[in-house]
Structure formats: C-alpha cells, structure tokens
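The structure under discussion appears below in the form of structure tokens.
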Ligand code: UT7
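Numbering (the working numbering), first residue to last: 622 to 941.
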C-alpha cells in the first residue's frame, strides 16, 4: 500500500512591512477599528518586480532542501493562487517549474482562493496514493497586493503577500501518512468574494465581508467536527490547530466553538494579514521554525475562502 506523507515545509515573506498607519494616512480608518475588527497589525508587501512565482520559488527552495530530496525527484508541481503572474497562461506552476529548473515536470495551478493549499494537499495525496507520482511540490503563493483595491477601506487593510510550500512524498509506512483531507465547494455563494472582470479595476477583489464572516465561522466549525468524527479523533489527539488566517475574531469563534486550548491554536494574522492560499503553509512554517511543530505531531488544517470553497485536513507531520 502506498501512502502520502507530509515531508517538509518552507515559506517566504517579502521584507516590506505595511502597518496600520499606512492605511490611516490614506483613508478614513483607525488602528483601533482594524485591530478590533480583524486582529491585523501588519502585512508584508512584495516589491513591484517580485512576482507570485518569485515568492513561490523562495518558499519551495526551502521546502525542497528540508525534505532532503534532490530537485530532480519532484514529479508534480501544484500551485494554489488567485494572484498568478499571468491571466490565464502560462500557469504560475509552469513558471515556478522553469525557475526551479524542473523543465518537463507536470505543473498546474488551482484556483480555490483561501482553501487552495488544502485543495493542493488533496490533489498531491490522490496522485501519490494512486501510484502516479512520488514527490509532489505543493505551494500556496499570493501577491494579493496586485488585486487589492486600495481605495476600498472595507477590504484593502485585510490582505498581504507571501508564500508557503511543502513536499508530499510516497511512503509505505502508514504511521507517516496524511490521515485525511476533505474539500468542498458551493458556487451558489460565488458573489461573496470575487474579482468581477479582467478590465481595469474590475480585476480587484470585492467582498461581502459581513456575510462571508458568518458563513466562514459556521463552515470552518462544522467541517472540523465532520473530519474529527469521521476519523474518531478527540481534541487531545491534535497537537496544533492551524486555521486559515483571515480574521482574529473568526479564528477565536471557531477555536472556542471547537473547544481547543489556546496552546493548540495557531495565530499569525496579526503579522501577515490574510494571505489567502499562503496563510496555512506560512503558519505551519512558523510553528516548524519556532519549534512548536515537531516530527510525528498531528496537525489539523481548516480553510475557507472564495468560491465558496472550504476544506480541512488531519496531517501527521513526517519530516525526515
Ligand atoms: O479569506 C476568505 C474569507 N474572508 C473572510 O472570512 C473575511 C470575513 N469578513 C471579515 O473579516 C469582516 O467582515 C471585516 C473585517 C471585513 C469587516 O468587519 P465587520 O465586523 O463585518 O464590519 P462591517 O462590514 O459590518 O462594518 C461595520 C462598520 C460599517 O459602518 P456602519 O455601517 O456600521 O456605520 C463600515 O462602514 O465599519 C465600517 N468600516 C470601517 N470603519 C473604519 C468598514 N471598513 C472600515 C475601516 N475603518 N477600514
């Protein structure tokens, strides 16, 4: 039997920090409003000549090195993004493959907004378990600053740039296997979060914030309850609960409803804002780098985003 294992994590955040003052100087808002309503204090912003693929390549290089594999062993690249280098082609995954010197390797983008990394994980798991691929590079990378409307005070202070990447590899050891991944979507709510067109300014993100907030809290909670029940997991079986980082109040409401201890909940939204598909791998990377995440631990991922899409995953972290 072949299983898929989560071998390594890497992330890259652009160096430019944009704090709440930047917005206060440009629009009618306040540090108090942003902090109270979102929990966000800072975001990272890519430079003009830094593309989504550049962020992704930096995160991927770290993940590949930490996995202890040769680049040439990678046989699939999946990039989740809603802020690609080009609309609609070439895919950002193709550009990443070229920049990494992986010419000839199958590469594809997926569009599942903030759930993108969990979707990429399920694709990697399926390709590996079917025996078609052995080492899959999955990436969540976003240059959201390129699709944010900086005249819309209701959305612009929420988002930031960044990338996270992981290597998912085949193993015959069930103890190392990703336990379960579940992904869902409902296009009936497509207008909650959308980029209405490709013409000037229509490519900017628009969000029905309050409606999205309410569905997010409900869905993130029930999705975790389902995957935990299906796999007969208790909260005490989870070392770290790593939800999508959109808003502190969403994470708090979901974490409380699920009954997780503060020490289990991972929060990075204060430093990076919402980085869509990059938020979960960036948070996993932070836990790995600060020593909270160790080999053999079980992590619970929980994502929700435009589409609407949502997904959760029970993952054994099986670093080499
Ligand atoms: O990542 C994918 C999923 N994304 C999400 O889940 C995000 C979900 N939504 C949210 O995080 C929140 O809805 C927001 C942070 C976007 C907004 O918070 P809210 O508590 O839902 O506020 P609201 O939209 O109901 O607006 C409340 C008030 C309004 O004023 P009135 O109508 O009460 O007078 C807004 O005009 O806050 C006002 N407002 C602001 N005030 C100061 C909206 N944006 C701002 C601002 N500064 N930047």
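Just so you know, even glycine gets a beta-carbon here, dropped at the ideal spot from N, CA and C.
**Message:** Quick check for students: name the residue ranges of the alpha helix (DSSP H) that lie wholly in the segment 710-742, counting only runs of 4 or more.
**Reply:** Correct list: 713-720.
**Asked** Can the beta-carbon of residue 624 be found less than 8 angstroms from the beta-carbon of residue 798?
**Response** Yes, Cβ-Cβ distance for residue 624 and residue 798 is below 8 angstroms.
**Prompt:** Nearest-angstrom Cα distance between residue 656 and residue 777?
**Reply:** Using only the alpha carbons, I get a separation of about 14 angstroms.
**Prompt:** Nearest to residue 694 by CA position, among 670, 756 and 675, is which residue?
**Reply:** It is 756 whose Cα lies nearest to the Cα of residue 694.
**Request:** May I ask you to list the residues that DSSP assigns as paired with residue 663?
**Result:** Partner(s): 640.
**Request:** Apply the 10 Å Cβ neighbour rule to residue 933 and answer buried if 16 or more other Cβ atoms are within range, or exposed otherwise.
**Result:** Buried, since its Cβ has 16 or more Cβ neighbours within 10 Å.
**Item:** Counted within 10 angstroms of its Cβ, other Cβ atoms place residue 925 as buried (16 or more) or exposed
**Value:** Buried, by the Cβ-count rule.
**Item:** Nearest-angstrom Cβ-Cβ length linking residue 766 and residue 931, presumed shorter than 8 angstroms
**Value:** 25 angstroms between Cβ atoms; not a contact.
**Item:** 8 angstroms Cβ shell around residue 740 - same chain, five flanking residues per side excluded
**Value:** These residues qualify, in order along the chain: 701, 731, 733, 804, 930 and 932.
**Prompt:** Who are residue 699's beta bridge partners in DSSP?
**Reply:** Beta-bridge pairing links residue 699 to 729 and 759.
**Item:** DSSP bridge partner residues for residue 804 (one or two, in chain order)
**Value:** Paired residue(s): 932.
**Item:** Near the ligand UT7: residue 743 beta-carbon under 7 angstroms from a heavy atom
**Value:** Checking the 7 angstroms criterion, the Cβ of residue 743 is out of range of every heavy atom belonging to the ligand UT7.
**Request:** Whole angstroms is fine: what's the gap from residue 833's alpha carbon to residue 813's?
**Result:** CA-CA distance, residue 833 to residue 813, rounds to 6 angstroms.
**Request:** Excluding the 5 residues preceding and the 5 following residue 663 in the sequence, name in chain order all residues of the same chain whose CB lies nearer than 6 angstroms to its CB.
**Result:** Result list for residue 663: 638, 640 and 892, in chain order.
**Rounded separation between residue 674 and residue 871 - CA only** = If I take the Cα positions, the gap works out to 29 angstroms.
**Message:** Rounding to the nearest angstrom, what Cα-Cα distance links residue 938 and residue 827 in this structure?
**Reply:** Spanning the alpha carbons of residue 938 and residue 827 requires a straight line of approximately 35 angstroms.
**Prompt:** Would you report the Cα separation of residue 627 and residue 867, rounded to the nearest angstrom?
**Reply:** The alpha-carbon atoms of residue 627 and residue 867 are separated by roughly 24 angstroms.
**Request:** Please indicate yes or no: does the CB of residue 650 lie closer than 7 angstroms to some heavy atom of the ligand UT7?
**Result:** Proximity of the beta carbon of residue 650 to the ligand UT7 is indicated: a heavy atom of the ligand is located closer than 7 angstroms.
**Per-residue DSSP class, three states only, for residue 635** = Three-state DSSP puts residue 635 in coil, outside helix and strand.
**Item:** residue 894 beta carbon near the ligand UT7 (any heavy atom closer than 7 angstroms)
**Value:** Remark: the shortest separation between the CB of residue 894 and any heavy atom of the ligand UT7 does not fall under 7 angstroms.
**Prompt:** For residue 895, which residues does DSSP report across the bridge?
**Reply:** According to DSSP, residue 895 bridges with 780.
**Request:** Note down, in chain order, each residue of its chain lying with its Cβ closer than 6 angstroms to the Cβ of residue 728, except the 5 sequence neighbours on either side.
**Result:** So the qualifying residues of the chain are 698, 714, 715 and 718.
**Message:** Taking the alpha helix (DSSP H) that residue 902 belongs to, which residues open and close that run?
**Reply:** Counted as a single uninterrupted DSSP element, the alpha helix (DSSP H) harbouring residue 902 occupies residues 900-910.
**Message:** My output table needs one value for residue 886: the three-state DSSP class, helix, strand or coil.
**Reply:** Strand at residue 886.
**Request:** Say whether the segment 916-923 touches the segment 854-864, bearing in mind that this needs 3 or more beta-carbon pairs closer than 8 angstroms, one atom from each stretch.
**Result:** At 8 angstroms Cβ cutoff, the stretches touch.
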